[in-house]
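Single-structure report; data block below.
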Amino acid sequence: MNRQWMKAGAALLTLAALGVTAGCGGAPAKSSPEKAAASGAAERTLKVACIATYPPFVYKDKEDKIIGFDVDITNAVAKEMGAKTEYKSMPFDQIVQAVADNKADIAVAACDMTQDRADKVNFSSIYYNKESVSILSRKDDERIHGSQDLSGKTVAVEKGTVYVTAAKQLGATVKEYDYHDQLIQAVESKEADALILDKPVALFYMTHGAADKLRSAGIISGSGGFVMLLNKKDPALQKEVNEALGKLMNNGEYDKIYDKWFADTNFEKEPDVKK
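Numbering (my numbering), first residue to last: 5 to 279.
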C-alpha cells in the first residue's frame, strides 16, 4: 500500500455514507501531561477496548504486553490529548458494547464503519485505508481460487465482523469464532474450507507459520478503512481524537508509526510474538 495515498485517503474520506460526521462541537484543548503534572492535576486515562489477537494491528508480545499499529496510533493520539491509555482485550463482538456501555472510552481493533455500530458509538476519522481482504484455504484443497468459489463452502470468520455478512452474501455457510488464530486452526483441521481476514493480518500469519498448511485463495476487493470507536456519552472526545489524528498526519509521527509496522523491510521480520 502506498503510504502517501493512505494518508491522503484518510484525510479525505468522510462518514457521510452512514449519515454521521467525524467532527462534533467544540471543546477546550487538553493540557499536556507535563502541564497537568505541574498544575497538580491528575493525568487523564483513556480506557481502550481491543482484541489482542489481530497482528499487526493489535496483539501481545512474549511479555504479554499489548502492541501493534493500532496501539501505537492510539498511544500517540492519547499523548497529543495529554492522556495515558489502559487496554483491555476481549472478543471482537464485545468491544462495541463495551464502548456503548461506558466500560471503555475507545475501541481499536481494525474496526470498519457500519450503520449498526454508528447507532451505538461515534467514529473517529479513518486512520487506515484498506484495499482488499484475503481468502485463505488449505494447500491440498484446490477448489477455491476467488470469492466466486465460496458459494456452498464453509467459511471461518470472526464473530461481530463485517465478514460474517460478506461470507453469507457470497453463498457460504458461515462458522464464527472469537479469535483469529481459531480461524487458522479451523481451516487447518478441515472444520472450514476457507477463512476471510484483512490482508495485512493474513500476510502476517502466512509469514509466521500458516503458509506451511495454507495458501492464498484469492482476494475480495474492498474500500473504506479502519476507525476508532468512541463513547457517545463523551461527545467532545470525537473532536479531540480527530484533532490529534490530524496532528499526527501532519507532523511526521504517523509516517514513523506506519513504517514501523508496514514497511516491507520491517513487516517480514520475525516479531517478538507470544505463542
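The beta carbon of each residue, even a glycine, is placed where N, CA and C say it ideally should be.
Would you grab the beta carbon distance between residue i and residue j for me? Rounded to a whole angstrom, and I think it's under 8 Å.
| i | j | result |
| --- | --- | --- |
| VAL112 | THR165 | About 14 Å; that fails the 8 Å criterion. |
| ALA198 | ILE139 | 5 Å |
| ALA80 | GLU257 | 6 Å |
| LYS217 | LYS143 | 6 Å |
What is the DSSP secondary structure of residue i, counted as helix, strand or coil?
| i | result |
| --- | --- |
| THR165 | coil |
| LEU201 | strand |
| ARG142 | strand |
| GLY62 | Sequence inspection shows Val at residue 62; the Gly mentioned does not correspond to that position. VAL62: strand per DSSP, three-state reduction. |
| TYR209 | helix |
| ARG219 | strand |
| GLY250 | helix |
In chain order, what residues of the same chain lie with their CB nearer than 6 Å to the CB of residue i, ignoring the 5 residues before and after it?
| i | result |
| --- | --- |
| TYR61 | Checking the displayed sequence, the identity of residue 61 turns out to be Phe instead of Tyr. Answer for PHE61: GLY72, PHE73, ASP74 and ALA114, listed in chain order. |
| TYR183 | THR57 |
| LEU201 | SER138 |
| GLU84 | ALA248 and LYS251 |
| ASP76 | ILE261 |
| TYR132 | GLY229 and PHE230 |
Return the chain-ordered list of same chain residues with a C-beta closer than 7 Å to the C-beta of residue i, the five sequence neighbours on each side being excluded.
| i | result |
| --- | --- |
| ARG121 | VAL100 and LEU233 |
| PHE208 | PRO59 and PRO60 |
Are the beta-carbon atoms of residue i and residue j separated by less than 7 Å?
| i | j | result |
| --- | --- | --- |
| ALA206 | SER141 | no |
| LYS172 | ALA160 | no |
| ILE136 | LYS69 | Residue 136 is actually Ser in this sequence, not Ile. Cβ atoms of SER136 and LYS69: not closer than 7 Å. |
| LYS194 | ALA176 | no |
| ALA3 | ILE188 | Outside the displayed range of the chain (5 to 279) lies residue 3, so it cannot be described from this structure. |
| ASN126 | LYS264 | no |
| ALA82 | LEU50 | yes |
Between the C-alpha atoms of residue i and residue j, what's the straight-line distance to the nearest angstrom?
| i | j | result |
| --- | --- | --- |
| ALA108 | SER225 | 32 Å |
| GLU47 | GLU244 | 16 Å |
| GLN98 | ASP105 | 11 Å |
| ASN255 | GLY86 | 17 Å |
| GLY150 | ARG219 | 12 Å |
| SER155 | VAL191 | 16 Å |
| ASP116 | ASP185 | 20 Å |
| SER36 | LEU241 | At SER36, the pLDDT of 44 sits below 50, so the modelled position is not reliable; the number obtained from the coordinates is stated separately. So the two alpha carbons sit approximately 16 Å from each other. |
| THR89 | ASN246 | 17 Å |
Please list, in chain order, all residues of the same chain as residue i whose beta carbon is under 8 Å from its beta carbon, the five residues on each side excluded.
| i | result |
| --- | --- |
| ILE148 | ILE139, SER141, LEU154, LYS157, ASP197, ALA198, ALA221 and GLY222 |
| PRO95 | ILE55, LYS163, GLY164, ASP182 and TYR183 |
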